[in-house]
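Line order of the protein sequences matches chains A and B.
So the first sequence is numbered by my numbering: it starts at 189 and just counts up by one.
So the second sequence is numbered by my numbering: it starts at 3 and just counts up by one.
Where is the CB? At the ideal position from N, CA and C, for every residue including glycine.
Only one structure is covered here, and it is reproduced in the block below.
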Amino acid sequence: MAVETDTDTGFGEVSRLRGTVFEYLSLGASVVGLFALAALLIYVFVDAFGLSTASPAWLLTYFLTLVVPYIGFCLYSISDRAFTRKIALALGGGLVVTAVGFTAIETLLVSIPGLTWQIAYLFLVATPVVASVTFVASRQPLGAAGFGLVGRLVGGAALGCAVAIMFIVIDRPLWFLVYTFGVLPAGGVYAYTSRREIGWPTAQATLVGLFGLGVSTQLRQILGIYPSDGLIYLWTLAVPLAAGAAALVTLRDGSRRAVAGVAVTTLLGGGGGFVLGSSALPTGSGVIIGAATVAATAVYLVEAVDNEGRRGLLLPLLIAGGALAGAAVVQTVGIPTPEMWLTPAYLTSAPSNEAANAGLYPAVVGSIIIIAMVAVLSFVLGVGAAVFLEEYAADTGLVGRLTRLIQINIANLAAVPSVVYGLLGLGLFANLLGFGFGTAVTAALTLSLLILPITVISAQEAVRSVPDDLRQGSYAMGATRWQTVKNVVLPEAMPGMLTGTILALGRAIGETAPLIMIGAATTVFSAPAGIWSRFSAMPMQIYAWANYPQAEFRYGVVAAGVVTLLIVLLAMNGTAIIIRNRMEREH
Amino acid sequence: MVSTQTGDGRVTRRTALASVAGLGTMALAGCTQSGSGGEEQAINIAGSSTVFPLMSAIAEDYEADNPDVSIDISSTGSGGGFSNFFCVGETDFNNASREIQPEEEELCAENGVEFVEIVAATDALTVVINNDNDFATEMTVEELAQIWEADAAETWNDVNSEWPDEEINRFGAADTSGTYDYFIENVLGERGHTDDYSATEQDNTIAAGVEGDEFAIGYFGFAYWYQNQEQVTPVAIDNGNGPVEPSLDTASSGEYQPLSRPLFTYPAVASLSEEYIADFARYFVDQTDNEQIVAEDVGYVPLTEETKQEQMDKLEAAIEDAQG
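Next up, the structure:
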C-alpha cells in the first residue's frame with residue numbers, strides 16, 4: 189500500500205459511512221432474494237392445497253387440533269418458562285400484527301390476490317414458530333425421542349415407497365429366482381466361510397452368486413408359474429429385512445425377546461401390507477412399505493422405550509389424534525373443506541383431461557426410476573474420474589499437461605446448456621447406440637452426462653481436501669497406493685463426494701430441456717414397465733399442464749405437481765444428508 | 003413391545019409365528035402369477051401441441067378400457083414431430099395442426115414411412131386483443147395481414163387511420179408450430195410472417211401477454227379462448243361477408259373463414275399392421291364426433307357424421323393394406 193501523505197492531522201476519523209451502506213446493501217440483497225422465493229413458495233403451496241378456498245373455520249379447527257398441541261408438545265419437552273412465554277408472545281403478537289398489517293395493506297395500498305390474513309399468519313408466523321420450537325425441542329430427550337419415532341415412521345414408509353417403485357421396472361419373477369438361487373446361497377457361503385475362516389470368502393460367495401444367477405436366467409425361460417408379487421416381496425425383502433433388523437438389535441445387545449419381537453413385527457408389517465393392499469399402488473407393494481416402516485420403527489423402539497424421554501414416543505399418536513379430531517370436528521359441524529389438489533389420489537392416479545381426476549403417478553415413478561439410475565451412474569463415473577485425476581494421473585510432463593487440459597474442459601462442460609446435452613443424448617444414445625427414443629435408459633445416461641462435470645469437480649475437491657499427511661502416513665506404514673486410496677482417501681473424501689452428487693442430482697431431477705430433446709413423452713397413462721420403456725417425468729408433465737387451456741390445470745394441478753417435485757427432492761436430499769452425517773460421525 | 007411383557011410373551015410370540023405361517027400357506031396356495039409377461043403393447047404419439055389435449059383426452063379413455071396398452075404422447079409441435087420422430091419411424095402417430103408439408107413427405111419417403119391422413123377435428127384459429135381494446139374488435143383479413151406480414155405495420159394507426167397511434171405488440175406461435183404455418187398459408191401467403199413478435203408454443207404466454215398490454219394482439223387455437231373467455235377478447239374476422247366471431251357454430255358451418263382449419267393425425271401404415279394400434283386408431287376416429295370430449299372438454303369442433311365416415315373408410319383401407 190502507498191503511504192498516506194495527508195496524515196499531519198494525526199489519527200483522523202475514518203468514515204464508517206461506506207461500511208454501513210455496504211452492510212445494508214447486502215442485507216437488502218438477501219432480503220429481496222429470500223422474500224421473492226418465500227412469496228413464490230407460499231403461492232405454490234396455497235394453490236396446491238387449495239388454501240385460498242379454505243374457510244377460516246376450517247383453518248382454525250386444524251390450527252387448534254394439530255398445530256397448537258404440537259407446539260405444546262415441543263414446549264413441554266423444552267420446559268423452559270422464558271422460552272414458552274416468548275413463543276406465546278410471538279404467536280399472539282404475530283396474530284395481531286398480521287391481521288392489522290394485512291388489512292392495512294389491503295385497504296391502503298394494494299389488494300393481495302389469493303391470500304387472506306389467516307393464511308399469511310399461517311405462513312409468516314405459525315410456520316417459523318413451529319420450525320423454531322421443533323429445532324429447540326429436538327435437542328431435548330423428550331423431543332428427540334418423539335421426532336426420532338416420527339422420522340422412522342415417515343422415513344421407513346418413504347424408503348419402502350422408493351423401493352416399491354424401483355421394483356416396478358424389475359422383472360419380479362427373475363428377481364425371485366436370482367434371490368433364491370443366487371443371493372441367498374452366496375450370503376450363506378460368505379457368512380459360513382468368513383466365520384470358519386476358510387479360503388477367500390468374497391471370491392467364493394461371488395462364484396456361488398454368479399452360478400445362481402446363471403441358473404436363474406435359465407430357469408426363468410422354463411418356469412411358467414411364480415408366486416404373486418406380494419409373496420415375492422415377502423420372501424425376498426420382508427424376510428431378510430426382519431433378519432437384518434434382528435441382527436442389528438442383537439449387535440446392540442438387545443434381549444432375545446426384543447430380537448424376536450423386532451423380527452416378528454417386521455414380518456407382520458409386511459404381511460399386513462400384503463393383506464391390506466391398495467387399489468392405487470401396484471399389487472404387493474404394501475408388503476415392502478409395511479415391512480420397511482415397521483422394521484425401522486421397531487428397531488428404534490427397542491432402544492427408545494428404555495431411554496430417558498420415552499414419553500416423547502407418544503408424539504405420533506398426538507399428531508394422528510389431532511388430525512382425526514380435526515376431521516371429526518369438520519365433519520360434525522359441517523365446515524366446508526377446501527378444494528385440495530395435492531391429495532393421495534393425485535399421487536396415485538394417471539393424468540387426466542379433467543383437472544379433478546388428474547394425477548402425477550406415472551411421472552413420479554418415471555422421475556424416481558431415472559434419478560435412481562442417474563445417482564448410481566454419475567456417482568460411479570464421477571468418483572472414478574475424480575480419484576484417477578487426483579491420485580493416479582501424473583501432474584508433470586506431457587501427461588500432466590494433458591491432465592490439466594482435461595481439467596479445464598471438465599470445468600467448462602459444467603456451463604454447457606442442457607439442451608446441448610439433450611442433443612448429445614439424442615445423437616449418441618438414442619440414434620447411434622440404439623437405446624431408443626425417450627426410454628428411461630437414454631434419459632438416465634443423458635442426465636448423468638449432464639451432471640457429470642459437477643460431480644467430478646466436487647469429488648475432486650473432496651479428494652484434494654484429504655490432508656497429505658494422512659496419505660504419507662499410510663505409505664509410511666507400508667501400504668500400497670490401492671490400500672491408501674481404499675482405506676484413507678475414499679473414506680475421508682466420501683462425505684464431500686456425496687454432497688456434490690446430491691446437489692447435482694437436485695439439478696437433474698428438475699431438468700426438462702434434455703428430456704424434450706431425447707423424445708421423452710409428455711404424458712403417459714401408466715408407469716413404465718421396464719427401463720427400456722418410454723416414460724414421462726415430473727417436469728415434462730408439469731410443463732404440459734402449464735399450457736392447458738383450463739385455469740384449474742394451470743393453477744391447482746401444476747402447483748400440486750411442483751410441490752410433489754419439491755417433496756421428492758427434499759426426501760432425496762434428506763436421505764443423502766443423513767447417510768453423509770452418519771459417515772462423518774463414524775469416521 | 004414384546005420385551006416389556008413378561009408373563010405371556012412366549013404365547014404371543016408363538017401365536018404370532020403360527021399366524022404368519024398360516025397366512026403364508028394360505029397365500030402360497032392362492033397367489034400365483036404366470037411368469038410370461040405379455041409383449042408390451044406401446045403406442046407412441048408425438049406432434050402438435052394443439053392436437054395434444056384432444057389426443058390425450060381420447061387416449062385416456064382408451065387406456066381406461068384397455069389397461070394392457072400403454073400410450074405415450076409427446077407435445078413437440080407438428081413439424082418437430084414429423085422431422086424428429088415420425089418420419090424416422092420412431093412414432094406410430096403424428097398429430098398436426100396443418101397438412102404434412104412436401105419436405106416432410108420426402109423425408110418420410112426416404113425412410114420408407116407410409117402414412118394416412120386422418121382429420122381429427124376443426125379448430126377456429128382465434129385472434130385476440132386486450133379487453134380494454136375497443137377499436138379493433140372487428141378486422142378485415144387485409145388488416146390482419148398488415149399487422150402480421152414480414153414488413154409489418156409499426157403502429158395501429160398505420161393499419162387503419164381510425165385506430166390510435168400506438169405501437170402494436172405482437173404475441174404469436176413459434177415457427178415449429180403448425181398454427182404458425184397455417185396462419186402464413188391462409189392469411190399472409192407470399193407476404194411472410196413478421197419476426198418482430200414474441201414467439202412461443204405456450205398459449206397461456208400469449209394470453210398473458212395480450213392481457214397485460216392494451217395495445218397487444220395475439221393468435222392461438224380456439225380451445226384456449228373457449229376455456230378462458232374472460233381473459234382476452236376475440237376479434238371478429240371479416241372475409242368480405244361481414245365480421246364473424248369465432249365460435250363452435252361459425253367454425254363448423256364454415257362461416258368463420260379463412261381461420262377455421264382442420265386438425266390432423268397421421269398414423270403410420272406400418273404401425274397399423276399391429277392389431278392393437280389399428281384398434282386404437284378406429285377408436286380415435288370413432289370419437290371424433292363425440293360432442294362431450296371434442297367440444298365441451300377440449301374446445302374444438304367435432305366432425306360431422308359424414309366426415310367421420312370418410313375418415314373411417316380411409317383408415318379401414320389403410321389397415322387392410324397394412325394387414326393385407
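Practice problem: Counting only the same chain and skipping the five closest in sequence on each side, list residues whose C-beta sits under 6 Å from that of Thr6/B. | Solution: Residue placement at Thr6/B is flagged as unreliable, the pLDDT there being 42, under the threshold of 50; the coordinate-derived value follows with that caveat. Excluding residues within five positions, none has a Cβ falling inside 6 Å.
Practice problem: Whole angstroms is fine: what's the gap from Tyr258/B's alpha carbon to Gly244/B's? | Solution: 10 Å
Quiz prompt | Short-range partners of chain A found in the region 228 to 240 of chain B, where Cβ spacing is below 8 Å | solution = Tyr228, Gln229 and Asn230
Quiz prompt | Reduced DSSP category for Gln103/B - H, G, I as helix; E, B as strand; rest coil | solution = coil
Self-check item: Asp583/A classed as buried or exposed, judged by whether at least 16 other C-beta atoms fall within 10 angstroms
Solution: exposed
Practice problem: Using the DSSP secondary-structure output, state which residues sit across from Tyr221/B in a beta bridge. | Solution: Val129/B
Quiz item: Among residues of its own chain, excluding the 5 on either side of Leu312/A, which ones have a beta-carbon nearer than 7 Å to its beta-carbon?
Solution: Thr286
Quiz prompt | Proximity test, Cβ basis, 8 Å: Phe87/B and chain A | solution = yes
Quiz item: Listing by chain order, which chain A residues have their CB less than 9 Å from the CB of Ser163/B?
Solution: Chain A residues near Ser163/B: none, gap ~36 Å exceeds 9 Å.
Quiz item: Thinking C-alpha only, which one of Val300/B, Ser273/B, Glu232/B and Phe266/B is nearest Thr309/B?
Solution: Phe266/B
Practice problem: Kindly say whether Gly180/B, judged by its beta-carbon, lies nearer than 8 Å to any beta-carbon of chain A. | Solution: no
Self-check item: Selection from Ala175/B, Phe117/B, Thr306/B and Val121/B that minimises the alpha carbon distance to Asp197/B
Solution: Ala175/B
Quiz item: So, is the C-beta of Gly497/A closer than 8 Å to a C-beta in chain B?
Solution: no
Quiz item: If you measure beta-carbon to beta-carbon, which residues of the region 184 to 218 of chain B are closer than 7 Å to chain A?
Solution: Gln204, Asp205 and Asn206
Practice problem: Spatial neighbours of Gln392/A within its chain, please: CB distance less than 7 Å, with the 5 preceding and 5 following residues excluded, ordered by chain position. | Solution: Val377 and Thr381
Self-check item: 7 Å Cβ cut-off: residues of chain A touching Glu42/B
Solution: Ala717 and Ser721
Self-check item: Min CB distance Val338/A to chain B below 8 Å
Solution: no
Practice problem: Indicate the three-state DSSP secondary structure (helix, strand or coil) for Thr711/A in the structure shown. | Solution: strand
Quiz item: Do the CB positions of Thr711/A and Ala732/A come within less than 8 Å of each other?
Solution: yes
Practice problem: Kindly list the residues whose CB is nearer than 6 Å to the CB of Ala574/A, restricted to its own chain and excluding five residues on each side of it in sequence; keep chain order. | Solution: Val644, Ala647, Gln648 and Val651
Exercise. My understanding is that Pro641/A touches Leu601/A, with C-beta atoms under 8 Å, so please give their C-beta distance in whole angstroms.
Key: 4 Å
Quiz item: Got a sec: is the Cβ-Cβ distance from Gly707/A to anything in chain B below 8 Å?
Solution: yes
Exercise. Note down, one range per segment and in chain order, each alpha helix (DSSP H) of at least 4 residues found wholly within the region 205 to 264 of chain A.
Key: 205 to 236 and 244 to 250
Exercise. Kindly indicate the opening and closing residues of the alpha helix (DSSP H) around Val552/A.
Key: Tyr549 to Val575
Exercise. Look up Asp74/B in the DSSP assignment and say whether it is helix, strand or coil.
Key: strand
Exercise. Would you check if the distance between the CB atom of Gly474/A and the CB atom of Leu464/A is smaller than 8 Å?
Key: yes
Quiz item: For Ala664/A, which of helix, strand or coil comes out of DSSP?
Solution: helix
Quiz prompt | For Gln306/A, three-class secondary structure by DSSP | solution = helix
Self-check item: Cα-Cα separation, Val518/A to Ile300/A
Solution: 28 Å
Exercise. List the whole-angstrom C-beta distance separating Leu429/A from Ala346/A, where the pair is believed to meet the contact cut-off of C-beta under 8 Å.
Key: Leu429/A to Ala346/A, Cβ: 15 Å. No contact.
Exercise. Can you give me the Cβ contacts of Phe271/A inside the same chain, cut-off strictly under 8 Å, excluding the 5 residues immediately before and after it?
Key: Leu263 and Val324
Self-check item: Reference Thr453/A; option with closest CA among Ser443/A, Leu439/A and Thr485/A
Solution: Thr485/A
Quiz prompt | Partner residues on chain B for Val677/A, Cβ-Cβ distance less than 8 Å | solution = The premise fails here: Val677/A is roughly 43 Å from chain B at the closest Cβ pair, so nothing lies under 8 Å.
Exercise. Check each candidate in Val90/B, Ala126/B and Glu187/B and name the one with the smallest Cα separation from Gly114/B.
Key: Val90/B
Quiz item: With respect to the alpha helix (DSSP H) encompassing Ala209/B, which residues constitute its N-terminal and C-terminal limits?
Solution: Asp205 to Glu213
Self-check item: is_contact[Ala739/A, chain B] using C-beta, thresh 8 Å
Solution: yes
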